[in-house]
Each structure stands twice: as C-alpha cells, then as structure tokens.
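Visitor: First the structure, which I've put down as structure tokens, then a few questions once you've had a look.
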Amino acid sequence: MKIIMYFCNFIGFNNLTIFNQYLWIMTDAFLNLLISLAPFTENELADALPYYQRIPVKKNDYFSKAGRISDRIGFVSSGLLRSFYTIKGKEVTTFFLTPGTIAASLVSFLEVKPAIENIQALEESEVIVISRKHLFQLYEGNWKWQQVGRILIENYYVKMEYRSLSLQNQSAQERYKQFVIEYPEVLKVAPQHQIASFLGIAPETLSRIRKAK
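Quick look at the structure:
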C-alpha cells in the first residue's frame with residue numbers, strides 16, 4: 025500500500041475514481057515486480073493502468089482451458105491455481121501457481137494456438153490480467169515493456185528446466201523435501217494426488233514419504 029500511495033501522490037490523481045482503480049488493480053506485489061524488471065516512471069505505469077484488470081477466479085473455475093486459445097496472461101495476486109494437462113484420461117500437474125507468479129498457457133498465448141494445458145483455481149483466487157492485444161500495444165509503445173516480457177519468458181523457461189532436471193536427477197524424497205520448502209502453502213490446499221503428480225510419483229509413494237518424516 026505504501027508504494028501505491030507514493031505513486032498516486034506523485035502522479036497527482038485528483039479524480040477519486042481513477043485513484044480507486046489504481047488501488048484496486050496495481051497491488052504492491054505487482055508494482056514491485058514491474059519496477060524490478062524495468063526502470064518505469066510513475067507516469068508510464070499509470071498509462072498502462074487501463075490495459076489491466078483484476079479478476080476473481082472462483083475455486084474450480086478455469087483461468088485457461090485446454091483446446092481453447094489463451095488470449096490473456098496474468099499475475100497471481102492471491103489464492104492458488106494449478107496448471108495441468110490430461111493424457112489417456114489422467115491429469116498430470118505441471119505447476120502450482122502461488123501469489124507473485126505468472127499464470128499463462130504461454131505457447132497458446134504467443135503462437136495463438138489452442139492450449140494443451142489447463143489452469144484451474146484450487147481456491148478462491150485473484151489474478152491481474154492483460155490481453156495479448158493490449159500487451160503487444162505496450163510492447164510497441166515502450167521498450168521497457170518489451171524488457172518485462174523478455175525477462176518473464178526467460179524466467180518461465182528457466183523454471184521449466186529446473187523442474188525437468190529435478191525430475192531426472194533427484195530422488196522422490198529429495199523432490200518432496202524441496203517441494204515442502206518452496207510450496208508450504210500448497211500442502212494445505214492441494215489434494216495428495218495432485219502433489220504426487222507434480223513430483224512425478226504415485227500417491228502411494230508420496231504417502232510413504234510423508235509417513236517416514
């Protein structure tokens with residue numbers, strides 16, 4: 025809230041409606057992320073405000089669905105979402121999306137193709153979203169937004185590679201230990217079979233690991 029108040033005072037919002045919109049959409053965490061990725065001025069951030077929306081995603085609702093083109097990308101403001109795909113009738117969890125992370129079916133978003141994976145809320149959540157059209161408008165108007173997009177995509181693929189290496193090189197016990205450190209809040213919400221799927225092990229194996237602790 026302190027960061028938001030600073031920006032709003034600096035810009036000099038006299039219109040209470042616009043000020044309230046800023047408070048509603050531009051959370052501290054989202055602003056911190058943008059500022060950490062590019063040297064935005066207060067006015068540049070304010071100019072981007074109309075392009076963003078903060079939307080609720082109810083428990084079990086989908087932010088993105090397999091088979092449909094994903095035309096938006098989001099920043100998880102609160103709650104918990106899960107990305108997964110289905111193969112031979114079995115769900116495979118690829119990521120848990122906690123506050124501060126990016127929610128996107130990235131291949132679908134970038135290539136304008138039907139998504140392979142789903143993104144579903146595991147609890148009541150809020151996501152700050154921008155459409156592909158509006159994001160590309162920001163890219164065209166300011167190199168700083170291009171830098172934000174590039175870094176986020178780099179981070180996404182680095183995260184994917186770390187996950188791939190973990191599945192290849194770590195034992196089930198090591199993966200679970202790391203999961204507990206990185207996702208303590210997920211343990212309280214996600215069903216055991218989803219966590220097991222993310223770790224690349226059977227639910228029975230996860231149960232044995234937990235009992236051994």
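Yeah, the sequence shown ends on 237 if you go by our numbering, and it's all consecutive. Where is the CB? At the ideal position from N, CA and C, for every residue including glycine.
1) Determine the direct distance from the alpha carbon of Tyr200 to that of Gln77, and round the result to whole angstroms.
2) Got a sec? Which residues, its chain only, sit under 6 Å from Tyr75 by beta carbon, not counting five neighbours each side?
3) Rounded to the nearest angstrom, how far is the Cβ of Val172 from that of Ala70, given a contact under 8 Å?
4) Using C-beta distances below 7 Å, list every residue in its chain close to Phe108, excluding the 5 sequence neighbours before and after it, in chain order.
5) Between Gln227 and Ala72, what straight-line distance do the alpha-carbon atoms span, to the nearest angstrom?
6) Does DSSP classify Pro227 as helix, strand or coil?
7) Less than 9 Å separating the beta-carbons of Gly124 and Leu176?
8) Taking contact to mean at least 3 C-beta pairs separated by less than 8 Å, is the segment 85–99 in contact with the segment 187–194?
9) Per DSSP, which residues does Tyr109 bridge with? Please list them.
10) Tell me whether Glu98 sits in a helix, a strand or coil according to DSSP, three-state version.
11) Rank Leu146, Tyr180, Glu68 by C-alpha distance to the C-alpha of Ala214 and give the top, closest one.
12) Of all the alpha helix (DSSP H) runs that stay within the bounds of the segment 144–231, which reach a length of 4 or more residues?
13) What number of angstroms, rounded off, separates the C-alpha of Ile225 from the C-alpha of Gln194?
14) Pick from Ala128, Ala220, Phe54: whose alpha carbon is nearest that of Arg92?
15) For Ser60, is the classification buried or exposed, using 16 other Cβ atoms within 10 angstroms of its Cβ as the cut-off for buried?
16) To the nearest angstrom, how far is it from the Cα of Lys112 to the Cα of Ala90?
17) Tell me whether Val81 is buried or exposed, calling it buried when 16 or more other Cβ atoms sit within 10 Å of its Cβ.
18) Excluding five sequence neighbours on each side, which residues of the same chain lie with their C-beta closer than 6 Å to the C-beta of Tyr163?
Guide: Quick look at the numbers:
1) 35 Å
2) Ile154, His158
3) Not really, about 16 Å apart at Cβ, beyond 8 Å.
4) Glu115, Val116, Thr117, Thr118, Glu141, Asn142
5) One point to set straight first is that residue 227 is Pro, not Gln, in the sequence displayed. Distance between the alpha carbons of Pro227 and Ala72: 45 Å.
6) helix
7) No.
8) no
9) Val116
10) Reading off the sequence shown, one finds Gly at residue 98, where the question assumed Glu. Residue state, collapsed to three classes: strand.
11) Leu146
12) The DSSP assignment places complete alpha helix (DSSP H) segments of no fewer than 4 residues inside the segment 144–231 at 156–165, 167–193, 196–206, 216–223, in order along the chain.
13) 12 Å
14) Ala128
15) Within 10 angstroms of the beta-carbon of Ser60 lie fewer than 16 other beta-carbons, which makes it exposed.
16) 14 Å
17) buried
18) Trp169, Gln170
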